[in-house]
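Residue numbers (our numbering): 520 to 784.
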């Protein structure tokens with residue numbers, strides 16, 4: 520992998536991980552467009568580490584408070600501060616974790632097809648637009664319940680299918696539940712931390728227990744680029760959220776689906 524390819528894919532991963540347009544879909548489609556070789560599990564690990572560090576750093580105050588209150592609630596056996604949110608993040612991670620363990624082979628071997636990504640890109644893009652168009656109830660994160668966490672967590676499990684978009688489908692679920700754009704997005708981004716950590720751990724184990732040779736220069740370039748791009752994407756997504764809404768991403772997904780159909784199908 521040369522410098523440009525590592526930089527471009529790192530840029531793409533950092534940008535698309537937290538925007539509702541599907542990082543996995545783009546990392547499959549772009550090499551297909553340019554006829555690049557598969558980037559390999561070592562590179563995937565690097566960009567996962569980059570995006571994980573980005574979201575943890577950006578929400579560092581929330582992460583520290585949620586972790587502290589969650590552990591304190593567990594020790595005292597009663598909810599303290601943001602202890603509820605800590606448990607909601609755990610509950611929301613379980614469906615995707617279980618689905619990943621059960622369906623990993625099928626996802627890697629059967630669901631990476633261009634036809635699948637065309638359908639998921641279009642359908643889940645339209646669902647995002649519908650959810651954003653509906654009248655808002657403006658629920659805040661303080662109003663979250665364990666049922667909300669289960670529903671958003673099940674939606675996150677759908678994002679294992681390439682082209683769905685983890686952030687897109689969890690934000691969509693939050694909007695359908697009546698959460699405000701900001702609340703749905705913040706919960707989605709916080710929910711990214713445990714699931715990205717789990718995905719990164721799986722890839723780390725795969726690298727450590729196999730004879731895979733890691734391209735350390737590509738690892739470094741991809742990881743740093745994805746980190747810088749991801750933290751920038753999170754900042755501007757939240758800053759512009761109420762001004763532009765979700766429809767620019769919906770329109771992008773419709774256009775992307777058209778390109779997939781015209782060029783790759």
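Using N, Cα and C, we set each Cβ at its ideal position, and we do this for glycine too.
_Contact under 8 Å by Cβ, residue 745 with residue 529_ = Indexing the chain shown from 1 puts residue 745 at position 226. Indexing the chain shown from 1 puts residue 529 at position 10. Cβ atoms of residue 745 and residue 529: closer than 8 Å.
*At which residues does the alpha helix (DSSP H) containing residue 670 begin and terminate?*
Taking the chain shown and counting its residues from 1, one reaches residue 670 at position 151. Unbroken alpha helix (DSSP H) run through residue 670: 665-677.
*Hey, how far is the Cα of residue 604 from the Cα of residue 695?*
Residue numbering aside, residue 604 sits at position 85 when the chain shown is read from its first letter. Residue numbering aside, residue 695 sits at position 176 when the chain shown is read from its first letter. If you take the alpha carbons of residue 604 and residue 695, they lie about 19 Å apart.
_Proximity test, residue 687 beta-carbon vs the ligand GDP heavy atom, cut-off 7 Å_ = Among the ligands in the structure shown, none appear at all, so the ligand GDP cannot be discussed.
_Given 8 Å, three or more beta-carbon pairs between the stretch 734-749 and the stretch 567-585_ = Because the criterion of three Cβ pairs below 8 Å is met, the stretch 734-749 and the stretch 567-585 touch.
*If residue 683 sits next to residue 612, beta carbons under 8 Å apart, how far is it from one beta carbon to the other, in whole angstroms?*
In the chain shown, the residue the question calls residue 683 occupies position 164. In the chain shown, the residue the question calls residue 612 occupies position 93. No, residue 683 and residue 612 are not in contact; Cβ-Cβ is about 17 Å, not under 8 Å.
*What are the boundary residues of the alpha helix (DSSP H) that residue 733 is part of?*
Along the chain shown, read from residue 1 onward, the residue named residue 733 stands at position 214. Per DSSP, residue 733 belongs to no alpha helix (DSSP H) and is neither H nor E.
*Backbone CA spacing between residue 753 and residue 534 [nearest angstrom]*: Taking the first residue of the chain shown as position 1, residue 753 is located at position 234. Taking the first residue of the chain shown as position 1, residue 534 is located at position 15. C-alpha of residue 753 to C-alpha of residue 534: approximately 9 Å in a straight line.
*asked:* Using the Cβ count rule (16 or more neighbours within 10 Å means buried), how would you classify residue 689?
replied: Along the chain shown, read from residue 1 onward, the residue named residue 689 stands at position 170. When all chains shown are included, residue 689 counts as buried.
_Where the alpha helix (DSSP H) through residue 639 begins and ends_ = Position 120 of the chain shown, counted from the first residue, corresponds to residue 639. First-last of the alpha helix (DSSP H) with residue 639: 633-652.
*Can you list the beta strand (DSSP E) stretches of 3 or more residues lying completely in the stretch 533-607, in chain order?*
Listed in chain order, nothing qualifies, since the stretch 533-607 has no complete beta strand (DSSP E) run of 3 or more residues.
*If you check the beta carbons only, do residue 660 and residue 708 fall under 8 Å apart?*
Here residue 660 refers to the residue found at position 141 when the chain shown is read from its first residue. Here residue 708 refers to the residue found at position 189 when the chain shown is read from its first residue. Pairing residue 660 with residue 708 gives a Cβ-Cβ distance that is not under 8 Å.
*Buried or exposed: residue 563, going by 16 or more other Cβ atoms within 10 Å of its Cβ?*
Counted from its first residue, the chain shown places residue 563 at position 44. Residue 563 counts as buried, since no fewer than 16 other beta carbons sit within 10 angstroms of its beta carbon.
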